[in-house]
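The structure appears right after this line, and notes come after that.
Chains as they are written, first to last, in this note's numbering: chain A, 1 to 693; chain B, 694 to 878.
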């Protein structure tokens with residue numbers, strides 16, 4: 001049972017996420033029937049599954065909501081802001097319920113009954129007023145019924161038009177039907193007269209009811225005993241199982257009812273046909289189209305553990321393949337070489353494929369931000385439009401999981417500090433509605449994600465002042481605009497005058513930077529006063545395997561990510577040691593160099609000629625000096641273990657074909673560290689100073 | 694099993710460093726590897742020999758002699774890497790420790806272990822759980838988790854180690870980083 005519950009929780013989380021997404025869309029497109037249908041369907045399946053796995057509270061809760069959306073679907077109720085809000089609240093609450101199905105947490109319990117009350121008042125106009133207790137009782141009754149082998153009945157009930165004058169409420173009779181078992185009621189208002197001619201004392205409506213119960217026809221008939229004589233009442237058994245337990249039937253029956261309308265079609269036969277067809281997987285037109293669309297996509301669900309295992313196996317294969325390559329080079333047998341090369345080719349495409357499987361479009365995380373933007377802008381009374389671009393850009397699933405938190409921070413900052421209030425915007429001559437745009441795109445072996453707001457931007461002068469005040473920089477320091485903006489990523493930096501609930505505790509941006517750095521990403525910021533701020537996050541496509549260039553310094557093998565390597569060259573030791581201002585002339589260009597032997601304090605076996613690896617850093621070229629170049633290598637990245645070192649530069653390790661370990665360098669960090677070493681020392685000094693204060 | 698409390702015999706792996714014999718509980722030892730090429734990681738303290746490949750996993754290797762502030766020697770055919778699984782700050786850490794040779798696996802009962810006299814001991818007694826006399830030798834039983842805890846603590850009592858081991862700035866930088874992390878929380 002435990003296992004099944006887990007399946008339910010997984011499934012339900014998905015349903016809830018879908019629900020949230022759909023409601024977000026619905027908010028902007030209130031008349032979209034497809035969305036309403038979708039919401040209804042999700043809630044319906046959620047309810048069904050919850051009942052099946054014994055999550056009664058969830059079932060009970062969604063039942064109420066489902067009713068409301070049923071009313072909307074059938075056109076009885078309009079979508080209101082209030083309803084959207086309550087649905088959002090419900091999404092949150094359902095998540096809580098999922099974690100806490102028995103309402104053991106008092107807070108959630110109170111919230112639960114509060115929300116149920118609200119839902120009740122919203123749907124108030126249908127059915128008799130029941131209090132929460134009643135619902136609960138009913139649920140229990142229902143569950144008892146569900147345990148038995150039910151039959152399903154179709155009931156057609158058309159009360160005589162004077163029924164209201166006799167003091168009988170037909171709605172009460174119908175809602176009381178639920179004591180027999182699970183039921184579904186479809187109204188038929190086709191007999192309702194033109195409003196001008198309508199006699200309010202008369203009843204024009206009739207109902208189609210589907211009821212699943214273990215009571216007999218006579219027992220059901222008895223229920224209508226007071227109205228039976230003058231009304232049209234048909235009760236017929238349509239099948240001997242519970243139609244509510246089978247997905248899709250209700251929807252189908254509904255379309256049967258709708259298509260029947262006023263025409264003199266034998267509804268009973270149609271219904272029985274529909275049910276028997278259901279077994280043969282035939283669906284009504286709309287349903288069929290949907291099914292087809294799903295079929296063309298043909299996806300299967302795989303647990304991420306299995307994917308991780310696949311990736312591990314691929315990694316091992318790549319390592320083993322490298323070993324084979326070394327062997328074939330050693331023995332130089334023609335046939336062996338061919339096989340080794342073939343295997344290399346195959347393992348490379350297998351690797352690419354496996355990596356591709358682990359990629360998911362960033363769309364998956366975006367709707368959360370939509371929600372955040374919506375909630376926060378309401379809370380702060382700002383008008384904000386959220387735009388997205390390139391949401392089909394794919395990223396490693398694990399990367400996406402690590403991105404959520406930093407993105408939340410960035411969005412909060414943009415909404416709270418970036419976008420101005422409508423009045424302020426108008427006075428500045430901007431559109432009253434602010435925009436926040438999330439833009440994602442591929443750039444070489446990287447994915448760039450930008451969050452662009454058109455708010456008031458950041459004032460470099462103010463940041464500078466603040467930084468001086470916080471002792472992050474010295475008063476006489478000359479900083480470029482870019483460098484000043486980068487200061488916002490320093491720990492403890494916050495320019496917000498007022499600390500708000502949303503942001504401004506000064507722990508935001510440094511956390512963002514740290515989190516992004518942890519997954520080998522880079523954060524950059526651009527900002528123009530009154531025009532807005534753009535935060536760019538640059539990420540590697542994958543976390544686990546990269547194409548790299550294998551080089552050696554003395555005996556130590558190092559790997560440089562190939563995506564950063566521009567070209568290779570060579571130079572004599574004299575040239576390097578005697579270089580002026582650490583610069584070397586390559587192709588008539590003076591390029592700064594980093595002499596890795598010196599930086600890594602390796603002084604044994606210095607060769608006469610050195611190799612230069614010219615890498616790109618921030619649009620500039622920088623030459624790394626190594627002893628020799630071995631060649632290209634598919635590097636399976638392994639964590640370095642608990643090695644005390646400048647982890648920033650050597651990010652991970654990789655096992656080579658001969659079983660030895662190569663060290664993977666992060667060229668960006670390397671350049672940052674050695675290129676800006678001087679600055680860094682000063683920064684360290686100020687950091688230290690700050691912590692003393 | 695035979696008696697209730699007094700005579701619980703546990704297994705220890707005894708190994709030699711220079712002229713001294715140390716022992717660690719076998720529960721902490723994953724395996725013993727022959728000496729193999731070690732990839733030196735730049736910018737690490739001197740006692741960090743580097744990293745090796747242990748069946749596909751990359752593990753760091755510590756030169757125990759240097760960590761214990763003993764003179765460095767050339768590796769011999771008897772030099773081994775003892776792969777240990779340690780519990781450091783609630784985290785499992787696997788690392789290799791270089792020893793001059795492994796002697797034997799011995800069973801020692803708890804009541805054979807004597808306390809280390811605090812005075813006159815060359816080593817910081819915090820890291821030594823006790824001593825056992827075996828023939829003419831004294832074997833020091835190490836609290837191995839503490840020995841390799843990530844902070845730069847030396848086995849030797851007087852603190853003249855910073856200047857000798859590795860990069861001088863490392864411990865200082867570590868400290869700064871730690872402080873940053875704390876303020877974040």
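Glycine is no exception: its CB is placed at the ideal position from the N, C-alpha and C atoms.
Chain-order list of residues whose beta-carbon lies under 7 Å from that of residue i (same chain, five-residue window excluded)
i, result
"residue 709 (chain B)", "792, 793, 794 and 796"
"residue 342 (chain A)", "none"
"residue 599 (chain A)", "674"
"residue 426 (chain A)", "432"
Closest by C-alpha distance to residue i, when choosing among the options
i, options, result
"residue 76 (chain A)", "A:122, A:531, A:89 and A:663", "A:122"
"residue 470 (chain A)", "A:424, A:479, A:487 and A:456", "A:487"
"residue 47 (chain A)", "A:36, A:659, A:31 and A:64", "A:64"
"residue 457 (chain A)", "A:532, A:307, A:541 and A:476", "A:532"
"residue 822 (chain B)", "B:701, B:740, B:842 and B:715", "B:715"
"residue 223 (chain A)", "A:171, A:410, A:254 and A:71", "A:171"
"residue 461 (chain A)", "A:166, A:621, A:528 and A:630", "A:528"
"residue 215 (chain A)", "A:181, A:511 and A:186", "A:181"
"residue 727 (chain B)", "B:818, B:754 and B:759", "B:754"
"residue 345 (chain A)", "A:329, A:325 and A:331", "A:325"
"residue 664 (chain A)", "A:468, A:398 and A:649", "A:649"
"residue 184 (chain A)", "A:200, A:221, A:192 and A:213", "A:213"
"residue 228 (chain A)", "A:30, A:159 and A:253", "A:159"
"residue 411 (chain A)", "A:479, A:485 and A:508", "A:508"
"residue 406 (chain A)", "A:482, A:179 and A:489", "A:489"
Sequence-distant residues of its chain with Cβ nearer than 8 Å to residue i (five each side left out)
i, result
"residue 785 (chain B)", "778 and 779"
"residue 301 (chain A)", "none"
"residue 9 (chain A)", "98"
"residue 628 (chain A)", "551, 552, 607 and 611"
"residue 520 (chain A)", "539, 540, 543, 651 and 666"
Interface flag, residue i vs chain A, CB-CB below 8 Å
i, result
"residue 828 (chain B)", "no"
"residue 732 (chain B)", "yes"
"residue 750 (chain B)", "yes"
"residue 713 (chain B)", "no"
"residue 796 (chain B)", "no"
"residue 775 (chain B)", "no"
"residue 736 (chain B)", "yes"
CB contact below 8 Å: residue i versus chain B
i, result
"residue 294 (chain A)", "Summary for residue 294 (chain A): the model assigns pLDDT 48, below 50, so the residue's position carries little reliability, and this model does not support an answer."
"residue 472 (chain A)", "no"
"residue 600 (chain A)", "yes"
"residue 561 (chain A)", "no"
"residue 649 (chain A)", "yes"
"residue 638 (chain A)", "yes"
"residue 576 (chain A)", "no"
"residue 401 (chain A)", "no"
DSSP beta-bridge partners of residue i
i, result
"residue 557 (chain A)", "A:552"
"residue 663 (chain A)", "A:558 and A:653"
"residue 527 (chain A)", "A:533"
"residue 188 (chain A)", "A:206"
"residue 623 (chain A)", "A:593 and A:614"
"residue 239 (chain A)", "A:152"
"residue 746 (chain B)", "B:751"
Neighbourhood of residue i by C-beta, 6 Å cutoff - its chain only, sequence neighbours within 5 removed
i, result
"residue 97 (chain A)", "57 and 58"
"residue 188 (chain A)", "206"
"residue 292 (chain A)", "Because residue 292 (chain A) sits at a pLDDT of 49, beneath the cut-off of 50, its placement in the model cannot be relied upon, and the following sentence gives the value as read from the coordinates. Taken in chain order, the list of residues that qualify is empty."
"residue 202 (chain A)", "161"
The ligand GDP heavy atom lying under 7 Å from the CB of residue i
i, result
"residue 163 (chain A)", "This structure simply doesn't include the ligand GDP, nor any ligand for that matter."
Interface residues of chain D facing residue i [CB-CB closer than 7 Å]
i, result
"residue 661 (chain A)", "Here the protein chains are A and B, and chain D is not one of them."
Problem - At least three beta-carbon pairs within less than 8 Å, the stretch 508 to 517 of chain A to the stretch 396 to 410 of chain A - result: yes
Practice task
Report yes or no: do three or more beta-carbon pairs, one from the stretch 331 to 341 of chain A and one from the stretch 364 to 372 of chain A, lie closer than 8 Å?
Solution key: no
Problem - Validate contact between the stretch 231 to 251 of chain A and the stretch 154 to 166 of chain A using beta carbons, cut 8 Å, 3 pairs - result: yes
Practice task
Check whether the stretch 657 to 669 of chain A touches the stretch 756 to 770 of chain B, taking contact to mean three or more Cβ pairs, one atom from each stretch, closer than 8 Å.
Solution key: no
Exercise for the section: Count the CB pairs spanning the stretch 386 to 394 of chain A and the stretch 348 to 368 of chain A that are closer than 8 Å, and state whether there are at least three. Expected result: yes
Exercise for the section: Report yes or no: do three or more beta-carbon pairs, one from the stretch 630 to 641 of chain A and one from the stretch 614 to 622 of chain A, lie closer than 8 Å? Expected result: no
Exercise for the section: Check whether the stretch 9 to 19 of chain A touches the stretch 85 to 97 of chain A, counting contact only when three or more Cβ pairs, one atom from each stretch, lie closer than 8 Å. Expected result: yes
Practice task
Inspect the CB distances between the stretch 821 to 838 of chain B and the stretch 801 to 812 of chain B and report whether three or more fall short of 8 Å.
Solution key: yes
Practice task
State whether the stretch 373 to 389 of chain A contacts the stretch 413 to 425 of chain A, with contact taken as three or more CB pairs (one from each stretch) at a distance under 8 Å.
Solution key: yes
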